[in-house]
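Residue numbers (our numbering): 43 to 309.
Quick notes on the structure that follows.
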């Protein structure tokens, strides 16, 4: 349509998996709400360090979503005395996520995280992770049970009064789909708690602003219940609104600034 406002472009970072051959993967359930609820055009970004140049990708995007994944953030990203089995980590995903998110924020463009994506953003801002969340009621069953059954596991979270999530959902407490073994240990510099688990106070969401860019991340899985959860739909609608605001700021107005305060920022 002539004169219609172009939809914002939101990048979604893929994961590396092996299915008979190396493949780039992102679940459709992350992508579809970005189109149907956020009103965005989605650009899939390979988690391959030799392929994805953050400096070239950032100008194409108005926002970035770091999704969940079966893999863990490598412990070497936030502490030097712990290693993890190779089949539990995705080092290339870590590298691309941290570099791309850093560049997006420096350009004043919003970055959002779900599950693993939240953990990556916490590390970017200098925070650390714990790997005992599964034993504290945040993960039920196993991957062998199948996705549908695995993501049926839920618990309550309490939203921070006056926070972004409370404002956009109109709720003080939510029942959320929880599937994670890592979680926030020390919160990253400059980030504010947006939600905690009702039963053990583990940080379940955080937000903040850096270089004029919004950062918002949730540990739970809003993509799993957008069909029957107004709060999950509100999350994706907010992602779209934030990306549209970023798109409205022309490149001439933007003044890129280096992001500081995180262990993996500016390296």
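The C-beta atom is built at its ideal place from N, Cα and C for all residues, glycine as well.
The model shown is predicted, which means the values in this text are computed figures rather than measured ones.
CB of residue i within 7 Å of CB of residue j, strictly
| i | j | result |
| --- | --- | --- |
| residue 210 | residue 263 | no |
| residue 223 | residue 160 | no |
| residue 100 | residue 145 | yes |
| residue 91 | residue 130 | no |
| residue 199 | residue 237 | yes |
| residue 87 | residue 94 | yes |
| residue 206 | residue 150 | no |
| residue 155 | residue 108 | yes |
| residue 48 | residue 265 | no |
| residue 152 | residue 59 | no |
Cα-Cα separation, residue i to residue j
| i | j | result |
| --- | --- | --- |
| residue 309 | residue 166 | Since pLDDT at residue 309 reaches only 38, below the 50 mark, its modelled position is unreliable, and the value read off the structure follows with that caveat. When rounded, the distance between both Cα atoms is 11 Å. |
| residue 89 | residue 69 | 14 Å |
| residue 148 | residue 285 | 15 Å |
| residue 50 | residue 173 | 35 Å |
| residue 269 | residue 208 | 20 Å |
| residue 267 | residue 277 | 11 Å |
| residue 163 | residue 229 | 10 Å |
| residue 220 | residue 226 | 14 Å |
| residue 290 | residue 97 | 20 Å |
| residue 234 | residue 254 | 15 Å |
| residue 136 | residue 213 | 33 Å |
| residue 241 | residue 258 | 22 Å |
DSSP bridge partner residues for residue i (one or two, in chain order)
| i | result |
| --- | --- |
| residue 198 | 217 |
| residue 250 | 257 |
| residue 66 | 58 |
| residue 226 | 171 |
| residue 78 | DSSP, once it has assigned bridges, lists no residue as partnering residue 78. |
| residue 83 | 51 |
Run of the alpha helix (DSSP H) containing residue i, from where it starts to where it stops
| i | result |
| --- | --- |
| residue 14 | There is simply no residue 14 to check, as the chain begins at 43 and stops at 309 in what is shown. |
| residue 205 | Premise fails: residue 205 is in no alpha helix (DSSP H) and is neither H nor E. |
| residue 283 | 272-290 |
Start-to-end residues for the beta strand (DSSP E) that takes in residue i
| i | result |
| --- | --- |
| residue 6 | Nothing about residue 6 can be reported from this structure: the residues present for the chain run from 43 to 309 only. |
| residue 156 | 153-156 |
Whole alpha helix (DSSP H) runs in the region 88-113 with 4 or more residues, listed along the chain? 96-99
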